[in-house]
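S.K.: Just so we're on the same page, the numbering used here is the position in the sequence shown counted from 1, plus 2.
For glycine and all other residues, C-beta sits at the position ideal for the given N, C-alpha and C.
In this text, all values refer to a predicted model and were calculated from it rather than measured experimentally.
The following block contains the structure, expressed as structure tokens.
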Amino acid sequence: MGGSKETQYRLGSLMPSSNLQGGSRMDGIKLMKEMTQNNRRALSNINQNIMEATHKPCVVNRRDPSGRYTEQTVQHCPEETKKRSLLAPNPSYQLDGDITDIEEYEGAGDNGVPVFVRHTEAMLDEIERLEEVEMEDVEEPIMDIDDCDTKDPLAVVEYIDEIYEFYKKTENSSCVSPDYMAGQFDINEKMRAILVDWLIEVHYKFELMEETLYLTVNLIDRFLERQAVIRKKLQLVGVTAMLIACKYEEVSVPTVEDFILITDKAYKREEVLNMEKLMMNTLQFSLCVPTPYVFMRRFLKAAQSDKKLELLSSFIIELCLVEYKMLRFSPSLLAAAAIYTAQCSLYQYKQWTKTSDWYTNYSEDQLLECSRMMVTFHHKAGTGKLTGVYRKYTTCKYGYAANMKPALFLLDSD
Numbered sequence: 003m004g005g006s007k008e009t010q011y012r013l014g015s016l017m018p019s020s021n022l023q024g025g026s027r028m029d030g031i032k033l034m035k036e037m038t039q040n041n042r043r044a045l046s047n048i049n050q051n052i053m054e055a056t057h058k059p060c061v062v063n064r065r066d067p068s069g070r071y072t073e074q075t076v077q078h079c080p081e082e083t084k085k086r087s088l089l090a091p092n093p094s095y096q097l098d099g100d101i102t103d104i105e106e107y108e109g110a111g112d113n114g115v116p117v118f119v120r121h122t123e124a125m126l127d128e129i130e131r132l133e134e135v136e137m138e139d140v141e142e143p144i145m146d147i148d149d150c151d152t153k154d155p156l157a158v159v160e161y162i163d164e165i166y167e168f169y170k171k172t173e174n175s176s177c178v179s180p181d182y183m184a185g186q187f188d189i190n191e192k193m194r195a196i197l198v199d200w201l202i203e204v205h206y207k208f209e210l211m212e213e214t215l216y217l218t219v220n221l222i223d224r225f226l227e228r229q230a231v232i233r234k235k236l237q238l239v240g241v242t243a244m245l246i247a248c249k250y251e252e253v254s255v256p257t258v259e260d261f262i263l264i265t266d267k268a269y270k271r272e273e274v275l276n277m278e279k280l281m282m283n284t285l286q287f288s289l290c291v292p293t294p295y296v297f298m299r300r301f302l303k304a305a306q307s308d309k310k311l312e313l314l315s316s317f318i319i320e321l322c323l324v325e326y327k328m329l330r331f332s333p334s335l336l337a338a339a340a341i342y343t344a345q346c347s348l349y350q351y352k353q354w355t356k357t358s359d360w361y362t363n364y365s366e367d368q369l370l371e372c373s374r375m376m377v378t379f380h381h382k383a384g385t386g387k388l389t390g391v392y393r394k395y396t397t398c399k400y401g402y403a404a405n406m407k408p409a410l411f412l413l414d415s416d
């Protein structure tokens, strides 16, 4: 045992004679436990002093000879004295009734603070420094959005990424020229907007699936890009496109007579069937195309959406279906921008996570132009003559999504 002779003498007076003369191993272990417990009492005393210092900076706890703690007020406590009073342990340690001065206590430093106390302070400082560095360097993790569906065979987790990679590669084939109306001699973009707005109401009245609406609009644009149509036949093109989309997407398909009735019998059955033949031949029976709805389902999952975000995103993107100038954006970009705009509307601040960035392959900067146009449509949705989408989304069924405040701050941001 190290230390001065006097220290060894005082410690030796506490040991049984058997220990000093090579006594039993069990007695030595018992003595070490007693010394460790005394050291722990000293550490707990330090902690209590620190706790008390929060409210009473000049009051410290002292332990009287009976072992009880009492408060003693320090009359003069300059900064250095105060700091040492709070951090240093009691000036003496009691070992079974015998007092050992702190300067003579084994492990004490030159300044009277035990080495383990200085090591503890250094360790706490290092932990605090590492936590600050970790907070600075931490990055938002990219979540595996398919991890929860590994046991669902309908989620096709094994090759879902390949499916959407294929959609992304082929989406341009389903797009049309953003100025195809220049090839039409009797119709214009306003007439197209009126037709699409009316079809959205028809879709709502027939309670059709969402996929049907997006495919209907896609068929109309692709057909009008290749075939000139007079304005009297434009509504016929619209109902025929919805009939074809229903046959492709729906389980229960409305009949030809249902569509004739919805047009107030403006067309005959033969006209609808002839237009169906012409449209299918013009499009070469190409119906399996990635629409914005296909990407919306995937991107909403990446955004960890709830029902409110889903409805608001659908409202925003249906407003874009009416607008001819939105044809210059790809379906995947429209879907991502609609979700981004909906998030900004709900939370009233910009929000685009690393996970959404990863699964959409669009950064926030790439979405801003399209998103600002969507905010404009949202802001004026209830005005003008074309209010079909607005009235649809002011119902309880669609969560009154149209009444939500638009993200106007995006229009002012750089």
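Counting only the same chain and skipping the five closest in sequence on each side, list residues whose C-beta sits under 8 Å from that of LYS249.
M.R.: Cβ neighbours of LYS249 beyond the five flanking positions: VAL255.
S.K.: At a cut of 8 Å, does the segment 290-302 reach the segment 333-352 through at least three beta carbon pairs?
M.R.: With a cut-off of 8 Å, the segment 333-352 and the segment 290-302 count as touching, because enough Cβ pairs lie within range.
S.K.: Using only the alpha-carbon positions, how far apart do LYS303 and ASP149 sit?
M.R.: Going by the C-alpha atoms only, they are around 12 Å apart.
S.K.: Using only CA atoms, which one of GLN286, MET281, GLU203 and GLN345 lies nearest to SER307?
M.R.: Of the listed residues, the one whose Cα sits closest to SER307 is GLN345.
S.K.: Compare the Cα-Cα distances from TYR269 to each of LYS309, THR385, THR242 and THR172 and report the closest residue.
M.R.: Measuring from the Cα of TYR269, the nearest candidate turns out to be THR242.
S.K.: Take every Cβ of the segment 376-394, pair it with every Cβ of the segment 170-181, and state whether three or more of those distances are shorter than 8 Å.
M.R.: Short answer: they don't touch.
S.K.: Shortest alpha-carbon distance to ASP188 belongs to which of LEU311, VAL231, VAL204 and ILE165?
M.R.: Cα-wise, what sits closest to ASP188 is VAL231.
S.K.: Is it the case that the CB of ASP414 approaches a heavy atom of the ligand ADP more closely than 7 Å?
M.R.: In terms of ligand content, the structure shown is empty, and the ligand ADP therefore cannot be addressed.
S.K.: Do LEU369 and TYR342 have their C-beta atoms closer together than 8 Å?
M.R.: It is a contact, given that the beta carbons lie within the stated cut-off.
S.K.: Tell me the residue span of the alpha helix (DSSP H) that contains MET211.
M.R.: It is not in any alpha helix (DSSP H) - MET211 carries neither H nor E in the DSSP assignment.
S.K.: What separation, rounded to the nearest whole angstrom, lies between the Cα atoms of LEU412 and ASN276?
M.R.: If you take the alpha carbons of LEU412 and ASN276, they lie about 47 Å apart.
S.K.: So, SER347 versus MET406, is the Cβ gap smaller than 8 Å?
M.R.: Their beta carbons are under 8 Å apart, which means SER347 touches MET406 by this criterion.
S.K.: Taking 6 Å as the limit between beta carbons, can you name the residues of its chain near THR83, skipping five residues before and five after?
M.R.: Unreliable positioning characterises THR83 in this predicted model, as indicated by a pLDDT of 46, which lies under 50. A coordinate reading is not provided.
S.K.: Alpha carbon to alpha carbon, how far is ARG330 from SER179? Give it in angstroms, no decimals.
M.R.: About 7 Å.
S.K.: Please classify TRP360 as buried or exposed, where buried requires at least 16 neighbouring CB atoms within 10 angstroms.
M.R.: Burial call: exposed.
S.K.: Quick check: what's the CA-CA separation for PRO408 versus ARG271?
M.R.: Distance between the alpha carbons of PRO408 and ARG271: 44 Å.
S.K.: Assuming contact is defined by CB atoms lying nearer than 8 Å, are GLU278 and LEU245 in contact in what I supplied?
M.R.: Result yes, Cβ atoms of GLU278 and LEU245 sit closer than 8 Å.
S.K.: So what does DSSP say about LYS234, is it helix, strand or coil?
M.R.: Three-state DSSP puts LYS234 in a helix.
S.K.: Which stretch, first to last residue, makes up the alpha helix (DSSP H) that contains ILE165?
M.R.: Note, ILE165: alpha helix (DSSP H), 162-172.
S.K.: Grouping DSSP H, G and I as helix and E and B as strand, with all else coil, what is ALA90?
M.R.: Confidence at ALA90 is low in this model, with a pLDDT of 46, below 50, so its placement is unreliable and the value that follows should be read with caution. In this structure, ALA90 counts as coil in the three-state DSSP scheme.
S.K.: Please classify MET376 as buried or exposed, where buried requires at least 16 neighbouring CB atoms within 10 angstroms.
M.R.: Buried, since its Cβ has 16 or more Cβ neighbours within 10 Å.
S.K.: Compare the Cα-Cα distances from LEU314 to each of TYR326, TYR349 and THR284 and report the closest residue.
M.R.: The option with the nearest alpha carbon to LEU314 is TYR349.
S.K.: What's the C-alpha gap between ARG374 and TYR364?
M.R.: For ARG374 and TYR364, the distance between alpha carbons rounds to 15 Å.
S.K.: Using the three-state DSSP reduction, which class does ASN283 fall into: helix, strand or coil?
M.R.: Here ASN283 sits in helix by DSSP.
S.K.: Could you please give the first and the last residue of the uninterrupted alpha helix (DSSP H) stretch that includes THR152?
M.R.: It is not in any alpha helix (DSSP H) - THR152 carries neither H nor E in the DSSP assignment.
S.K.: Decide if ASP199 is buried, meaning its Cβ has at least 16 other Cβ atoms within 10 Å, or exposed.
M.R.: ASP199 comes out buried.
S.K.: Quick check: what's the CA-CA separation for LEU215 versus PHE261?
M.R.: Those two C-alpha atoms are separated by around 15 Å.
S.K.: THR397 to LYS309, Cα distance in whole Å?
M.R.: Roughly 15 Å between the two C-alpha positions.
S.K.: Apart from the five residues just before and just after ASP181, which ones in its own chain have a Cβ nearer than 7 Å to its Cβ?
M.R.: So the list is empty, once near-sequence residues are dropped.
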